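Trainee: After the C-alpha coordinates below, expect a handful of questions from me.
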Amino acid sequence: MSPIRRDAEGNLQAGRGWESLADRQIREAQQRGAFEGLPYHGKPLPPSDDRSAGELAMAHSILRNHGVAPPWIEADKEARRLLQERQLILRRASVASPLLHRRYREELTRVIRAYDRAVAALNAEAPTDRQHRPRLDEANELEALELILTGPAPLSDSGDAAS
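Using my numbering, read the sequence shown as starting at 606 and increasing by one per residue.
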(Lines of atoms letter the chains of each structure in order from A and count residues from 1; the text may use other names and numbers.)
(Lines give C-alpha, C1' and ligand atoms only; values in the text may rest on other atoms or scores of the structure.)
Protein backbone atom coordinates (compact mmCIF):
# COMPACT_ATOMS: atom_id res chain seq x y z
CA MET A 1 0.00 0.00 0.00
CA SER A 2 1.36 3.43 -0.92
CA PRO A 3 2.27 5.81 1.92
CA ILE A 4 0.47 8.61 0.03
CA ARG A 5 -3.33 8.59 -0.02
CA ARG A 6 -6.27 10.95 -0.33
CA ASP A 7 -8.54 11.90 2.54
CA ALA A 8 -12.37 12.01 2.36
CA GLU A 9 -12.24 15.43 0.68
CA GLY A 10 -9.70 14.31 -1.96
CA ASN A 11 -6.68 16.07 -0.46
CA LEU A 12 -3.32 14.24 -0.56
CA GLN A 13 -2.27 12.90 2.80
CA ALA A 14 1.13 11.42 3.64
CA GLY A 15 0.65 8.41 5.80
CA ARG A 16 3.26 6.27 7.43
CA GLY A 17 6.17 6.26 5.01
CA TRP A 18 8.15 3.31 3.75
CA GLU A 19 11.16 4.55 5.62
CA SER A 20 9.30 4.41 8.94
CA LEU A 21 8.14 0.90 8.04
CA ALA A 22 11.74 -0.09 7.38
CA ASP A 23 12.88 1.58 10.59
CA ARG A 24 10.21 -0.29 12.55
CA GLN A 25 11.21 -3.63 11.01
CA ILE A 26 14.89 -3.00 11.80
CA ARG A 27 14.08 -2.01 15.38
CA GLU A 28 11.94 -5.12 15.87
CA ALA A 29 14.68 -7.33 14.43
CA GLN A 30 17.20 -5.74 16.79
CA GLN A 31 14.90 -6.39 19.74
CA ARG A 32 14.57 -10.05 18.68
CA GLY A 33 18.37 -10.28 18.49
CA ALA A 34 18.36 -11.07 14.76
CA PHE A 35 21.64 -9.17 14.28
CA GLU A 36 23.52 -10.91 17.10
CA GLY A 37 26.30 -13.30 16.12
CA LEU A 38 26.78 -11.87 12.63
CA PRO A 39 30.35 -11.66 11.32
CA TYR A 40 32.05 -8.40 12.37
CA HIS A 41 29.29 -7.72 14.95
CA GLY A 42 30.30 -4.49 16.68
CA LYS A 43 33.36 -4.09 14.44
CA PRO A 44 33.87 -2.19 11.20
CA LEU A 45 33.65 -4.21 8.00
CA PRO A 46 37.04 -4.87 6.43
CA PRO A 47 37.73 -2.66 3.42
CA SER A 48 37.58 -4.40 0.06
CA ASP A 49 40.50 -3.67 -2.20
CA ASP A 50 38.74 -2.82 -5.44
CA ARG A 51 40.79 0.26 -6.31
CA SER A 52 41.90 -1.27 -9.60
CA ALA A 53 38.33 -2.20 -10.57
CA GLY A 54 37.28 1.42 -11.12
CA GLU A 55 33.71 1.61 -12.34
CA LEU A 56 33.36 -2.19 -12.05
CA ALA A 57 34.04 -2.19 -8.28
CA MET A 58 30.36 -2.60 -7.36
CA ALA A 59 29.86 -5.40 -9.89
CA HIS A 60 32.94 -7.22 -8.58
CA SER A 61 31.70 -6.80 -5.03
CA ILE A 62 28.32 -8.33 -5.90
CA LEU A 63 29.96 -11.23 -7.74
CA ARG A 64 32.39 -11.87 -4.87
CA ASN A 65 29.59 -11.78 -2.29
CA HIS A 66 27.76 -14.47 -4.27
CA GLY A 67 30.81 -16.69 -4.75
CA VAL A 68 31.25 -15.88 -8.43
CA ALA A 69 34.26 -14.36 -10.14
CA PRO A 70 34.47 -12.34 -13.36
CA PRO A 71 34.66 -14.57 -16.44
CA TRP A 72 38.36 -13.91 -17.03
CA ILE A 73 39.19 -15.04 -13.49
CA GLU A 74 37.12 -18.20 -13.95
CA ALA A 75 38.99 -18.82 -17.25
CA ASP A 76 42.31 -18.37 -15.43
CA LYS A 77 41.24 -20.84 -12.73
CA GLU A 78 40.34 -23.34 -15.44
CA ALA A 79 43.69 -22.79 -17.21
CA ARG A 80 45.59 -23.39 -13.95
CA ARG A 81 43.55 -26.53 -13.27
CA LEU A 82 44.33 -27.83 -16.75
CA LEU A 83 48.06 -27.18 -16.27
CA GLN A 84 47.90 -29.30 -13.13
CA GLU A 85 46.09 -32.02 -15.07
CA ARG A 86 48.81 -31.82 -17.76
CA GLN A 87 51.51 -32.29 -15.11
CA LEU A 88 49.64 -35.30 -13.71
CA ILE A 89 49.41 -36.88 -17.17
CA LEU A 90 53.15 -36.39 -17.74
CA ARG A 91 53.98 -37.81 -14.31
CA ARG A 92 51.78 -40.88 -14.84
CA ALA A 93 53.08 -41.37 -18.38
CA SER A 94 56.64 -41.65 -17.08
CA VAL A 95 55.78 -45.00 -15.46
CA ALA A 96 53.09 -46.14 -17.89
CA SER A 97 53.00 -49.42 -19.70
CA PRO A 98 53.47 -49.20 -23.48
CA LEU A 99 49.86 -50.37 -23.73
CA LEU A 100 48.74 -47.01 -22.28
CA HIS A 101 50.91 -44.72 -24.44
CA ARG A 102 48.12 -44.01 -26.92
CA ARG A 103 45.73 -43.14 -24.08
CA TYR A 104 48.21 -40.65 -22.61
CA ARG A 105 48.74 -39.03 -26.01
CA GLU A 106 44.97 -38.60 -26.39
CA GLU A 107 44.55 -37.27 -22.84
CA LEU A 108 47.37 -34.78 -23.26
CA THR A 109 45.95 -33.58 -26.58
CA ARG A 110 42.52 -33.08 -24.97
CA VAL A 111 44.03 -31.14 -22.07
CA ILE A 112 46.20 -28.95 -24.32
CA ARG A 113 43.21 -28.02 -26.48
CA ALA A 114 41.01 -27.29 -23.45
CA TYR A 115 43.82 -25.21 -21.92
CA ASP A 116 44.19 -23.22 -25.13
CA ARG A 117 40.42 -22.53 -25.17
CA ALA A 118 40.57 -21.31 -21.55
CA VAL A 119 43.61 -19.14 -22.35
CA ALA A 120 41.87 -17.67 -25.40
CA ALA A 121 38.91 -16.68 -23.18
CA LEU A 122 41.21 -15.32 -20.49
CA ASN A 123 43.31 -13.31 -22.92
CA ALA A 124 40.21 -11.88 -24.62
CA GLU A 125 38.49 -10.84 -21.36
CA ALA A 126 41.30 -9.94 -18.94
CA PRO A 127 41.44 -6.22 -18.18
CA THR A 128 45.18 -5.94 -18.98
CA ASP A 129 47.80 -8.07 -20.67
CA ARG A 130 49.46 -8.67 -17.29
CA GLN A 131 46.86 -11.41 -16.69
CA HIS A 132 47.44 -13.08 -20.07
CA ARG A 133 48.86 -16.58 -20.31
CA PRO A 134 50.77 -18.10 -23.21
CA ARG A 135 49.18 -20.85 -25.25
CA LEU A 136 50.73 -24.31 -25.35
CA ASP A 137 52.29 -25.59 -28.56
CA GLU A 138 50.59 -28.93 -29.15
CA ALA A 139 53.45 -30.33 -31.24
CA ASN A 140 56.07 -29.42 -28.61
CA GLU A 141 53.94 -30.85 -25.81
CA LEU A 142 53.41 -34.14 -27.65
CA GLU A 143 57.12 -34.31 -28.46
CA ALA A 144 57.94 -33.89 -24.77
CA LEU A 145 55.46 -36.66 -23.97
CA GLU A 146 57.15 -38.94 -26.50
CA LEU A 147 60.48 -38.37 -24.77
CA ILE A 148 58.88 -39.33 -21.48
CA LEU A 149 57.20 -42.41 -22.96
CA THR A 150 60.19 -43.71 -24.91
CA GLY A 151 63.03 -42.37 -22.80
CA PRO A 152 66.05 -40.48 -24.09
CA ALA A 153 67.76 -41.58 -27.29
CA PRO A 154 70.57 -44.08 -26.64
CA LEU A 155 74.12 -42.74 -26.72
CA SER A 156 76.46 -43.83 -29.50
CA ASP A 157 80.05 -44.97 -28.85
CA SER A 158 81.28 -41.38 -29.22
CA GLY A 159 78.98 -40.23 -26.39
CA ASP A 160 76.57 -38.37 -28.67
CA ALA A 161 72.89 -39.20 -28.91
CA ALA A 162 72.24 -41.50 -31.84
CA SER A 163 70.43 -39.83 -34.70
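Glycine is no exception: its CB is placed at the ideal position from the N, C-alpha and C atoms. Quick caveat, the model's predicted, so the values are computed rather than measured.
Quick check on the burial criterion: 16 or more other C-beta atoms within 10 angstroms. Buried or exposed for Ile631?
Mentor: On the sequence shown, residue 631 is found 26 positions in, with the first residue counted as 1. So Ile631 counts as exposed.
Trainee: Considering only DSSP beta bridges, list what Arg611 is partnered with.
Mentor: Locating residue 611 in the sequence shown gives position 6, where the first residue counts as 1. For Arg611, which the question treats as bridged, DSSP gives the partners Leu617.
Trainee: Using C-beta distances below 7 Å, list every residue in its chain close to Ala698, excluding the 5 sequence neighbours before and after it, in chain order.
Mentor: Sequence index remark: in the sequence shown, residue 698 carries index 93 (1-based). Counting only Cβ-Cβ distances below 7 Å, and skipping sequence neighbours, we find Tyr709, Leu750, Ile753, Leu754.
Trainee: Strictly under 8 Å for the Cβ-Cβ distance: is Ala744 near chain B by that measure?
Mentor: Absent from the structure: chain B. Only one protein chain is present.
Trainee: Are at least three pairs of beta-carbons, each pair with one atom in the segment 718 to 734 and one in the segment 683 to 695, less than 8 Å apart?
Mentor: Taking 8 Å as the limit for Cβ pairs, the verdict is that the segment 683 to 695 does touch the segment 718 to 734.
Trainee: Return the chain-ordered ranges of every beta strand (DSSP E) run that is complete within the segment 694 to 725 and spans a minimum of 3 residues.
Mentor: Taking only runs of at least 3 residues, no beta strand (DSSP E) segment lies wholly in the segment 694 to 725.
Trainee: Let me know the secondary structure DSSP gives Leu741 once reduced to three states.
Mentor: Here residue 741 refers to the residue found at position 136 when the sequence shown is read from its first residue. Coil at Leu741, not helix or strand.
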